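Data block below; observations after.
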Amino acid sequence: MAATPPRFDQHFRNQFRQLLEWRRDVRRFDTRPLPDGLVDELLDIANLSPSVGLSQPWRFIMVDDVERRTQVATDFEQCNRAALQQFSGARAARYASLKLAGLREAPVQIATFVDVNPDQGHGLGQKTMPETLHYSSVLAIYSLWLAARTHGVGLGWVSILNPDEVKAICEVPDHWQFIAYLCLGYPLEEHTEPELQLSGWETRRSLGNKVIRR
Numbered sequence: 001m002a003a004t005p006p007r008f009d010q011h012f013r014n015q016f017r018q019l020l021e022w023r024r025d026v027r028r029f030d031t032r033p034l035p036d037g038l039v040d041e042l043l044d045i046a047n048l049s050p051s052v053g054l055s056q057p058w059r060f061i062m063v064d065d066v067e068r069r070t071q072v073a074t075d076f077e078q079c080n081r082a083a084l085q086q087f088s089g090a091r092a093a094r095y096a097s098l099k100l101a102g103l104r105e106a107p108v109q110i111a112t113f114v115d116v117n118p119d120q121g122h123g124l125g126q127k128t129m130p131e132t133l134h135y136s137s138v139l140a141i142y143s144l145w146l147a148a149r150t151h152g153v154g155l156g157w158v159s160i161l162n163p164d165e166v167k168a169i170c171e172v173p174d175h176w177q178f179i180a181y182l183c184l185g186y187p188l189e190e191h192t193e194p195e196l197q198l199s200g201w202e203t204r205r206s207l208g209n210k211v212i213r214r
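For the sequence shown, position 153 matches number 153 in the UniProt record's numbering, and the numbering has no gaps at all.
Shown next, in the form of structure tokens:
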């Protein structure tokens with residue numbers, strides 16, 4: 001017998017919009033640990049995400065070792081200095097003022113990879129668009145992000161890293177590709193505006209010309 005789907009009322013829909021509005025890319029974390037079992041619960045929710053061919057290609061490495069964390073932070077600092085060189089003048093000064101990672105504070109750190117040769121899915125949907133494996137992994141990250149927010153936990157996505165360095169630090173198989181380095185913890189501050197908007201880097205724009213009819 002088919003299960004009866006839940007009915008989501010307007011209150012739920014309003015709360016869902018609030019959840020999206022309060023999801024932030026967190027850089028400033030409280031160092032206190034998360035409750036036992038919470039990260040496993042969040043990852044279990046992330047594992048419900050859709051994936052091409054039901055391949056579930058996401059791979060989460062829990063980076064608990066202090067030395068590995070230090071190596072990741074060092075790589076970030078090197079990559080961040082290199083990234084600064086692409087800017088000049090006021091834009092360079094603005095970039096240098098940004099806090100772009102919480103690697104020294106976040107109590108939970110997860111290196112996320114995509115298995116480009118997963119043992120699930122039998123290649124369905126990947127022949128013409130193999131990048132759908134990567135898209136699937138990003139969906140899992142977003143599910144994790146939203147689930148964390150429902151517990152008052154913030155997530156920061158660190159992308160200013162050398163993928164090959166992170167792969168070496170985490171000692172993963174060659175057919176895994178680096179997607180994101182995630183920092184999780186309780187945020188030190190709360191706001192609905194994106195931090196990059198508050199810092200003057202960029203402004204969130206309305207839907208406007210992002211929808212095009214043909």
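Just so you know, even glycine gets a beta-carbon here, dropped at the ideal spot from N, CA and C. Only a predicted model underlies this, so the values are computations on that prediction, with no experimental measurement involved.
Reduced DSSP secondary structure (H/G/I, E/B, other) of GLY185: strand
How is the alpha helix (DSSP H) around TRP58 delimited, first residue to last? Note, TRP58: premise wrong, no alpha helix (DSSP H); beta strand (DSSP E) at 58–62.
Ranges of the alpha helix (DSSP H) found wholly within the segment 85–142, counting only runs of at least 4: 89–97
Element boundaries [alpha helix (DSSP H), containing VAL52]: VAL52 -> no alpha helix (DSSP H), and no H or E assigned at all.
7 Å Cβ cutoff met for VAL172 and ALA101: no
Skipping 5 residues on each side, what residues in its chain have a beta carbon closer than 7 Å to that of MET62? ILE110
My parser needs the beta strand (DSSP E) runs of 3 or more residues fully inside the segment 17–48; what are they? none
Cβ distance (whole Å) where ASP75 is taken to contact VAL166 below 8 Å: 7 Å
Do the segment 182–195 and the segment 16–26 meet, that is, are 3 or more Cβ pairs less than 8 Å apart? yes
Drop a sphere of 10 angstroms on the beta-carbon of VAL66, count the other beta-carbons inside from all chains shown, and report buried for 16 or more, exposed for fewer. exposed
Should ALA3 go down as buried or exposed, given a rule of 16 or more other Cβ atoms within 10 Å for buried? exposed
Applying the criterion that 16 or more other CB atoms from any shown protein chain within 10 Å of the CB defines a buried residue, is ARG17 buried or exposed? exposed
Presumed contact (8 Å Cβ cut-off) between SER55 and PRO118, rounded CB distance: 5 Å
If you follow the alpha helix (DSSP H) that LEU198 is part of, which residue opens it and which one closes it? 195–198
CB of ILE212 to nearest heavy atom of the ligand GDP: below 6 Å? As for the ligand GDP, it is missing from this structure, which has no ligand bound.
DSSP bridge partner residues for LEU155 (one or two, in chain order): ASP25, LEU184
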